[in-house]
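One structure below.
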Amino acid sequence: MHLAYPVVLAALLFSVGVYGVLARRNAVLVLISVELMLNAVNLNLVAFDAWLRDSLHAGQALTLFTITIAAAEIGLGLAIVLLLFRARGTADIDRATALGDPAETLAEEAPAGAGALKGQATA
Amino acid sequence: MTALALLAAAGPLEPASRSFLSPTGVEIVFLLVGITVLGSAVVAVSTKQLVHAALWLVVSLGGLAIEFLLLTAEFIAWVQVLIYLGSVVVLVLFGLMLTKAPIGRSPDADSKNRWVALAVALASAGTLVTLVVDAFRTSWIDLGGGGGSAAVTGASLFRTWVLPFEALSVLLLAALVGAIVLSRGAKRRVPPPRAGRLRTGRPVGSNGTVAATAPRTAPEAAAPLVTEES
């Protein structure tokens, strides 16, 4: 088998994961995209292990380690997301702005808030 | 003599002479499963129905397990089925349910910067694919049997990789303890939403309740700024 097939598939899968991480709003869906990126890395590791015919099987051992770390990561990540949901009532990552610069967020939210306040004032 | 004739009939064996235009059977199966994997991954990151995203993730990860089988990594493939399809997807589904994800279509599943994200993803895909095709155009994998069976993987894992393996078990234990601490500490520190009296009777943030009360201060602080503008 040409090495180009699995490697190109891994590159495309990683890019799909990049899109998901950047474009998704729900934190659980962001975690799904991170899983896709980790799987692209796994495919790369397995393909290069089969290509190099490593006597230590470093690629497959590292793939097992990556799978384990991914399991630990998604467990902790979901615990954090649940904590965020309990504290805030939402799992949207663009609403979790408590640690941001307050002046910056106010400057961004000012036009939307101005319209709402004007509506309240006229009512 | 007959062996040489067979070798000659089988074609040249140099890697450089293998063409992409005459793929082998393994390559065709790999390509078809790869298209399935990629398509379901694209649907998983772009669908508006949140639960469907997790279910399309099952298709994508299961297809990747088939790809691992085609690359003769049998043990990895079954570990992939066990860990990813068995536990990670179930965890993701539980996470979606516990955060009250809507069942139907939710129009705000994608944030505002999705076009920027699409541009970044296309740029990275173009760069990576160009680089990788240029680098590995002539590389050929000799898929011998038994390269990734459980016996071989176990032998290399417990002969060569024992120390990282044990360190990984410590990491798993730490992650387990961390997840338990995170989900237990939530009940104690963050007050339930009906503690409104406590919020008015005491200055906010005095006993570590900053996280629960911080978003309420933002619109109040926004109000004087807005009135100054208008």
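Taken in order, these protein sequences are the chains called A and B. Mapping to my numbering: the first sequence position 102 is 106, numbers consecutive. Mapping to my numbering: the second sequence position 176 is 1658, numbers consecutive. All C-beta atoms in this analysis are idealised placements derived from N, C-alpha and C, irrespective of residue type, glycine included. In this text the structure is predicted, and so the values were computed from the model without any measurement.
Quick one: residues in its chain with C-beta nearer than 8 angstroms to the C-beta of Arg3/A, no 5 flanking neighbours on either side, listed in chain order? The structure shown does not extend to residue 3/A, since chain A is modelled only from 5 to 127, so the question has no answer here.
Would you kindly work out how many angstroms separate the C-alpha atoms of Leu1658/B and Ile1565/B, rounded to a whole number? In the second sequence, counting from the first residue as 1, residue 1658/B sits at position 176. In the second sequence, counting from the first residue as 1, residue 1565/B sits at position 83. Roughly 15 angstroms between the two C-alpha positions.
Please state whether the Cβ-Cβ distance between Leu1532/B and Ser1569/B is less than 8 angstroms. In the second sequence, the residue the question calls residue 1532/B occupies position 50. In the second sequence, the residue the question calls residue 1569/B occupies position 87. No, Cβ-Cβ distance for Leu1532/B and Ser1569/B is not below 8 angstroms.
Three-state secondary structure assigned by DSSP to Val1692/B: In the second sequence, counting from the first residue as 1, residue 1692/B sits at position 210. Since pLDDT at Val1692/B reaches only 49, below the 50 mark, its modelled position is unreliable, and the value read off the structure follows with that caveat. Val1692/B: helix per DSSP, three-state reduction.
What separation, rounded to the nearest whole angstrom, lies between the Cα atoms of Ser1528/B and Ala1535/B? Numbered from 1 along the second sequence, position 46 holds the residue referred to as residue 1528/B. Numbered from 1 along the second sequence, position 53 holds the residue referred to as residue 1535/B. Approximately 8 angstroms between the Cα atoms of the pair.
Select from Arg1666/B, Asp1624/B, Pro1584/B the residue whose C-alpha is nearest the C-alpha of Val32/A. Numbered from 1 along the first sequence, position 28 holds the residue referred to as residue 32/A. For Val32/A, the nearest C-alpha among the options comes from Pro1584/B.
Helix, strand or coil at His6/A according to DSSP, with G and I counted as helix: On the first sequence, residue 6/A is found 2 positions in, with the first residue counted as 1. His6/A falls in the strand class under three-state DSSP.
Local conformation of Arg1681/B per DSSP, three classes: By one-based count along the second sequence, residue 1681/B stands at place 199. Bear in mind that a pLDDT of 49 at Arg1681/B, under 50, signals an unreliable position, so the number given afterwards is only what the model happens to contain. Reduced to three states, the DSSP call for Arg1681/B is helix.
Could you check the C-alpha separation between Leu1613/B and Leu1553/B for me, to the nearest Å? Within the second sequence, numbered from 1, the residue matching residue 1613/B stands at position 131. Within the second sequence, numbered from 1, the residue matching residue 1553/B stands at position 71. Taking the straight line joining both Cα atoms gives about 22 angstroms.
Touch check for the region 48 to 57 of chain A and the region 6 to 15 of chain A: three-plus C-beta pairs under 8 angstroms? yes
Span separating the alpha-carbon of Gly1683/B from that of Ala91/A: Taking the first residue of the second sequence as position 1, residue 1683/B is located at position 201. Taking the first residue of the first sequence as position 1, residue 91/A is located at position 87. The predicted model places Gly1683/B with a pLDDT of 49, which falls under 50 and marks its position as unreliable, so this point remains unresolved.
When DSSP labels each residue in this structure, what does Asn30/A get in the three-state scheme? Here residue 30/A corresponds to residue number 26 of the first sequence, with the count starting at 1. Residue state, collapsed to three classes: strand.
Confirm, please, whether the CB-CB distance from Ala44/A to Leu66/A is below 8 angstroms. Position 62 of the first sequence, counted from the start, is the residue given in the question as residue 66/A. Position 40 of the first sequence, counted from the start, is the residue given in the question as residue 44/A. Not a contact, by the Cβ cut-off of 8 angstroms.
Considering only the beta carbon of each residue, do Ser19/A and Leu1610/B sit closer than 8 angstroms? Looking up residue 19/A in the first sequence gives position 15. Looking up residue 1610/B in the second sequence gives position 128. Cβ atoms of Ser19/A and Leu1610/B: closer than 8 angstroms.
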